[in-house]
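Using full-length UniProt numbering, the letters of the sequence shown map in sequence onto residues 1 to 263.
From the three backbone atoms N, C-alpha and C, an ideal C-beta is built for every residue, glycine too.
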Amino acid sequence: MNNKKTLQLIIILVLILTTVTGCYFLFFGKDRKIKNLFNEKLKFYPVKNLDDYYHLTPKGEYTKDNIYPGTWIVQSSISEKRGKILFSEGAVLYINLEKKNAKGKYYIYKIYDDKHKGLTTKETNYKIIMKNNKLKCVDKRASKSLKKKIENFKFMSQYSNFKNTKKNQWVIRNYNYTLNNFFATRNLSNEDDIVKNLRKKYDIKDKSAPSIAMSGASSEFKKDNNIDISLDINFNQNDIKISDSIGYHTEGVNEEDEYGTEL
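Following this line, the structure appears as structure tokens:
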């Protein structure tokens, strides 16, 4: 009888050990995939010339004659918290490969808590186009100084290079098993070129090293997946955030996009 119970106990322990080991390899296998995915995404940077998007395949490979009919959507912004008010300023550009044109908007947001209305957003948009590899404001409401600022605007993807950043480890902050999406962060160094460039460009006084945050989905593990990048670089514990996104959309965009910009 004792032998039978001992055998049953051994079988149960083996099953438990097998299950735990399987879960361990499953979790850490996904963990490794996530980190590799984010590292691969960062290799896409930089795309210095906006005109180059007309020659990029959905996978980000350069081709002389691009026959793809989709749209590249490129966006960059800086958000800064000043007291109880959040200021955000940036641009989004829709590069239509079929029509060979690029239109979008330059936007300025002000988000604050109104005593009567609650959380309130004041938003001002200015229509822009891309011509000869430069942004141009075509909105009559914009002042001369703002038009000049827009013409000098650069998307983060134009001047960012992550190839020489220190290889700090990604930390998985969240994994939603139901939706199969995930979120991770990685510490950057003050010696990284990207950090030096951002400090100079936006006159960031905070001396603490920033972190980079990225999100993704398990569907991106497929080798034939199109480019889809979304990242934030956070300074001073999120008081200053520089955001950048690049994505290829097969179906393009409607004549009026989600931002209300006629394309």
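Next item on the list: Alpha carbon to alpha carbon, how far is residue 161 from residue 44? Give it in angstroms, no decimals.
Entry: Taking the Cα positions, residue 44 is about 9 Å away from residue 161.
Margin query: I'd like the ranges of any alpha helix (DSSP H) spanning at least 4 consecutive residues and lying wholly in the stretch 180-216.
Written below: List check, alpha helix (DSSP H) in window: 193-202.
Check: Quick one: complete beta strand (DSSP E) runs, 3+ long, within the stretch 45-89?
Finding: The DSSP assignment places 71-82 as complete runs of the beta strand (DSSP E) inside the stretch 45-89, in order along the chain (cut-off: 3 residues).
Check: Between the C-alpha atoms of residue 187 and residue 140, what's the straight-line distance to the nearest angstrom?
Finding: If I take the Cα positions, the gap works out to 42 Å.
Next item on the list: For my contact list, residue 71 and residue 63 are in at a C-beta cut-off of 8 Å; report their separation, rounded to the angstrom.
Entry: That belief does not hold up - the Cβ atoms of residue 71 and residue 63 are roughly 16 Å apart, past 8 Å.
Check: In this structure, does DSSP put residue 230 in helix, strand or coil?
Finding: Strand, per DSSP.
Note to self: Measuring alpha carbon to alpha carbon, tell me which residue in 233, 52 and 123 is nearest residue 192.
What the structure shows: Ranked by how close their Cα comes to the Cα of residue 192, the residues 233, 52 and 123 have 233 in first place.
Note to self: Within a Cβ cutoff of 7 Å, which residues of the same chain sit near residue 245, ignoring the five residues on either side of it in sequence?
What the structure shows: Only residues of its own chain outside the window of five on either side were considered, and among them 75, 229 and 230 have a CB closer than 7 Å to the CB of residue 245, listed in chain order.
Item checked: Beta-carbon proximity check, residue 78 vs residue 90, cutoff 8 Å -> At the C-beta level, residue 78 and residue 90 come within 8 Å of one another.
Check: Could you give the residue range of the beta strand (DSSP E) that holds residue 135?
Finding: Looking at the DSSP string, the run of the beta strand (DSSP E) that includes residue 135 is 134-137.
Next item on the list: For residue 93, write down the residues that DSSP places opposite it in a beta bridge.
Entry: For residue 93, which the question treats as bridged, DSSP gives the partners 74 and 104.
Note to self: Looking only at its chain, what residues have a beta carbon closer than 7 Å to the beta carbon of residue 55, apart from the 5 residues adjacent to it on each side?
What the structure shows: Cβ within range, chain order: 62, 63, 64 and 66.
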